[in-house]
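Visitor:
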Amino acid sequence: MKKPLFLTLSFFSALAASAHSGSEHDQLVSANQYANIAPEISITVEGNYRIIRSNGIPSHAVGKFPNRGNPHRIKAQVYNLRMPLNPTIAQSATPLVRQPFGVALNGVLFDPGTAEYYQGNRHSEWNYEALTGPRTLGLDTNHGHVQPSGAYHYHGLPTLLFEELRHDSQQMTLIGWAADGFPIYGVYGYKDPEDPRNGLIALKSSYRIKEGNRPSGSGSPGGQYDGSFSIDYEYIAGLGDLDECGGRFGVTPEFPNGTYYYVLTEDYPFVPRMFRGTPDSSFEKRRRGPRPRF
1219 MKKPLFLTLS
1229 FFSALAASAH
1239 SGSEHDQLVS
1249 ANQYANIAPE
1259 ISITVEGNYR
1269 IIRSNGIPSH
1279 AVGKFPNRGN
1289 PHRIKAQVYN
1299 LRMPLNPTIA
1309 QSATPLVRQP
1319 FGVALNGVLF
1329 DPGTAEYYQG
1339 NRHSEWNYEA
1349 LTGPRTLGLD
1359 TNHGHVQPSG
1369 AYHYHGLPTL
1379 LFEELRHDSQ
1389 QMTLIGWAAD
1399 GFPIYGVYGY
1409 KDPEDPRNGL
1419 IALKSSYRIK
1429 EGNRPSGSGS
1439 PGGQYDGSFS
1449 IDYEYIAGLG
1459 DLDECGGRFG
1469 VTPEFPNGTY
1479 YYVLTEDYPF
1489 VPRMFRGTPD
1499 SSFEKRRRGP
1509 RPRF
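Oh and the sequence shown: position 237 is 1455 in this note's numbering, straight run, nothing missing.
#1: Distance, Cα to Cα, glycine 1356 vs glutamate 1472?
#2: Histidine 1363: buried (16+ other C-beta within 10 angstroms of its C-beta) or exposed?
#3: For the segment 1325-1380, list the beta strand (DSSP E) runs that are entirely contained and at least 3 residues long, ordered along the chain.
#4: Any idea what DSSP makes of isoleucine 1449, helix, strand or coil?
#5: Helix, strand or coil: which one does DSSP assign to phenylalanine 1501?
#6: Does the Cβ of serine 1500 have 16 or more other Cβ atoms within 10 Å, making it buried, or fewer, making it exposed?
#7: For tyrosine 1336, which residues in the same chain have their Cβ closer than 6 Å to its Cβ, ignoring the five residues on either side in sequence?
#8: Let me know the secondary structure DSSP gives glutamate 1382 once reduced to three states.
#9: Can you name, in chain order, every residue of its own chain whose Cβ lies under 6 Å from the Cβ of isoleucine 1261, other than the five neighbours on each side?
#10: What three-state label does DSSP hand arginine 1316 in the structure shown?
#11: Under DSSP, the beta strand (DSSP E) around leucine 1482 begins and ends at which residues?
#12: According to DSSP, simplified to helix, strand and coil, what is aspartate 1244?
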């Protein structure tokens, strides 16, 4: 079983961690320098929407880019993102398909998918995982790296941002907003989702690596399921604390009367891969033209 890249939370300042136990692959790049671009971020409420405008540049330290596993340089982006202020649960969950899941409070996107596929076939179901797959992707210790467009983005918990927002607090830590408008919290939630007096626990996802071997034959990698690919994982209801969308209902410091919320976890899916609500179209990736302005 592959070992995920997540740093133990008590060691945020660690310079590097290996992707897999005993593996020659992917060392997390030390986040010890800053992007040579000033961060820009604004979060406003306009009518029934929360609007986040940013250039996608974090204020925290990042890894060196380009690096051995990631040849791209960080560049300023133009993000105009909109999400409902009062989101509602959709009739059915929406899978995340080649778009960001949400945005952190610093204006950097959560974009957990990868562009790497078995045999380079983008139409294949065998999509490599960023945090447990064998490909060297040059991720830094914030579990972030850079797209060809220059967009720095997170594949997992942004450790330095989380440390900054948490302030050693024993409260749940709001870390961003999903494209459907529901809040995203970092790792911890109340043991009793309806009663904060019972304290915090690290919430666990309900996914696990499948047993047995992958199909063999043309177009399939074969071999044992081990977390190299997204499809290596399966959802088992009740296995952990969270549903198939990586969230649950409960009270939070920002929503004392309760809400549905997502959680970034230390295990797969790290960043959720499904929406409980309806994602706003402003999060869709556009090949040409600017993002909409609000």
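No residue lacks a Cβ here, since even glycine has one placed at the ideal position from N, Cα and C.
Guide: Inspection of the coordinates gives the following:
#1: 35 Å
#2: buried
#3: 1362-1364, 1370-1372
#4: helix
#5: helix
#6: buried
#7: Ser1342, Trp1344, Pro1439
#8: helix
#9: Ile1270
#10: coil
#11: 1477-1482
#12: Confidence is the limiting factor: at aspartate 1244 the pLDDT is only 49, short of 50, which leaves the residue's position unreliable, though a coordinate-based value still follows. Note: aspartate 1244 maps to coil in three-state DSSP.
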